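Taking our numbering, the leading residue of the sequence shown gets 88, the next gets one more, and so forth.
We put the CB at the ideal spot given by N, CA and C, even for glycine.
Note that this is a predicted model, so its numbers are computed, not measured.
Read through the structure below, which is laid out as structure tokens, and then see the notes.
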Amino acid sequence: MTDIAQLEQTFLSDIAAAQDEAALEAVRVAALGRNGSITALLKTLGGMTPDERRVQGPAINGLKDRVSAALAARRSALKDAALDARLNTETVDVTLPLRETPGEAGRVHPISQVMDELTAIFADMGFAVAEGPDIETDDYNFTKLNFPEGHPARDMHDTFYFPPKPDPRSEPGAGGSRMLLRTHTSPVQIRTMLKQKPPIRVIIPGRTYRSDSDQTHTPMFHQVEGLVIDKSAHLGHLKWILEEFCKAFFEVDRVKMRFRPSYFPFTEPSLEVDIQCKRDKGEVRFGEGDDWMEILGCGMVHPNVLRNCGLDPDEVQGFAWGLGIDRIAMLKYGMPDLRPFFEADVRWLNHYGFRPLDFPTLAGGLSN
Ligand code: DAH
């Protein structure tokens with residue numbers, strides 16, 4: 088066997104035997120490094136006669152090419168093997184829960200959470216969501232809802248009014264173009280009935296405003312209105328809906344409710360609803376106890392309101408309710424003071440807020 092063939096065999100078997108990149112690099116240095124055997128052979132070409140070189144040149148260069156190719160092939164095989172080994176040992180368990188990053192990820196405000204919760208509950212019962220503007224006309228907020236001219240809610244002390252617009256078409260006192268911050272979500276009842284033919288089944292969550300401020304009242308707060316209009320909707324349906332809502336929302340199996348007669352201009356009869364609760368050292372629990380807590384107002388939509396929206400009270404009827412969102416959020420999640428809800432204190436939000444991407448669903452357990 089020639090020297091060249093001998094060398095080739097040795098290098099190729101060393102390359103094949105190299106178990107890692109360091110061993111392979113040692114073979115490369117021995118063959119092709121500055122003092123390597125093949126490098127030395129290449130240097131001998133300079134001292135040969137042209138005839139010798141014609142024979143030896145291709146042989147030595149061929150050796151160099153084949154060894155180089157073998158080195159490259161082995162290097163990539165070793166890389167693949169290393170990757171396979173890593174993939175086999177470093178398994179990633181994709182079923183593990185996400186690592187919590189408190190604070191960094193941001194929190195969902197309890198009001199947003201509760202709005203999502205109640206939307207999920209009412210959506211399950213077939214309700215759509217309707218919305219209206221925060222800046223409302225006196226007409227939709229009061230007049231079309233059958234508020235009489237001198238009703239106390241129309242007082243400047245209760246309602247935030249914008250300066251009156253001079254409008255030659257409106258009669259004195261009619262206030263047709265006097266804008267205000269809506270004092271309840273009820274004007275969206277009007278907007279919905281003016282826009283949409285019965286059967287109507289909507290909830291209306293949103294911001295509302297009143298000139299009020301203490302531990303449980305803020306000038307801006309939230310309500311969710313409900314409205315059902317069709318040919319035969321009655322108070323029995325309303326009771327069932329509210330009961331199912333309270334059970335689902337407070338996550339209890341049973342909840343006793345008490346319906347008391349009341350007065351609202353836009354409903355007749357009007358009722359206020361209390362739910363059974365137990366007060367224990369400032370804490371309130373639902374589904375037990377023999378105390379009561381008022382949570383909402385409701386009633387059968389007044390015939391005048393139907394007429395004001397172009398509906399015939401002899402043809403259609405329905406019921407409505409209005410519920411304070413902030414209040415039920417405080418009750419469900421044990422927050423004693425309403426004011427920090429709107430003070431944008433990140434510490435409060437980190438404490439009372441909800442995890443993002445954890446949407447409330449009925450199937451998933453509303454509040455997890
Ligand atoms: N709008 C009333 C309020 O803010 C709440 C209310 C009572 C709404 C009875 C209704 C209802 O739809 O039928 O005090």
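Backbone secondary structure at residue i - three-state DSSP
| i | result |
| --- | --- |
| G263 | Confidence in G263 is poor, its pLDDT being 48 and thus under 50, which makes the residue's placement unreliable; the coordinate value appears in the next sentence. Note: G263 maps to coil in three-state DSSP. |
| F229 | coil |
| T303 | coil |
| F346 | strand |
| T272 | coil |
| A458 | Outside the modelled stretch of the chain, which goes from 88 to 455, sits residue 458, for which no answer is possible. |
| E375 | coil |
| F247 | coil |
| Q283 | coil |
| F209 | helix |
| R294 | strand |
| Q310 | strand |
| R341 | coil |
| L358 | strand |
| V154 | helix |
| R366 | strand |
| V201 | helix |
| F446 | coil |
| F351 | strand |
| T176 | helix |
| E223 | strand |
| A159 | helix |
| A169 | helix |
| A217 | coil |
| R186 | coil |
| R194 | coil |
| D90 | helix |
Presumed contact (8 Å Cβ cut-off) between residue i and residue j, rounded CB distance
| i | j | result |
| --- | --- | --- |
| F428 | Q200 | That belief does not hold up - the Cβ atoms of F428 and Q200 are roughly 12 Å apart, past 8 Å. |
| N228 | N391 | At roughly 15 Å, the Cβ-Cβ gap does not stay under 8 Å, so N228 and N391 are not in contact. |
| M417 | L425 | 6 Å |
| R278 | D221 | At roughly 13 Å, the Cβ-Cβ gap does not stay under 8 Å, so R278 and D221 are not in contact. |
| V116 | A105 | Rounded, the Cβ-Cβ distance is 12 Å, inconsistent with contact. |
| G376 | F351 | 28 Å between Cβ atoms; not a contact. |
| P251 | R265 | 5 Å |
| R153 | E95 | 6 Å |
| I91 | A157 | Not confirmed; about 15 Å, so no contact. |
| M387 | L322 | 7 Å |
| L267 | E223 | 6 Å |
| P285 | V360 | With 8 Å as the limit, P285 and V360 do not qualify as a contact, their Cβ atoms being about 24 Å apart. |
| F373 | F332 | About 12 Å; that fails the 8 Å criterion. |
| F214 | R288 | 5 Å |
Residue-chain proximity (residue i, chain C), Cβ-Cβ < 7 Å
| i | result |
| --- | --- |
| L444 | Included in the structure is just one protein chain, with no chain C present. |
Entirely enclosed alpha helix (DSSP H) segments - the stretch 113-150, minimum 4 residues: 124-131
For review: beta carbons within less than 6 Å of any heavy atom in ligand 1: H271, S273, E312, F351, T354, G384, C385, G386, A407, W408 and G409
Contained alpha helix (DSSP H) runs [length at least 4] in the stretch 377-442, N- to C-terminal order: 390-395, 412-420 and 433-439
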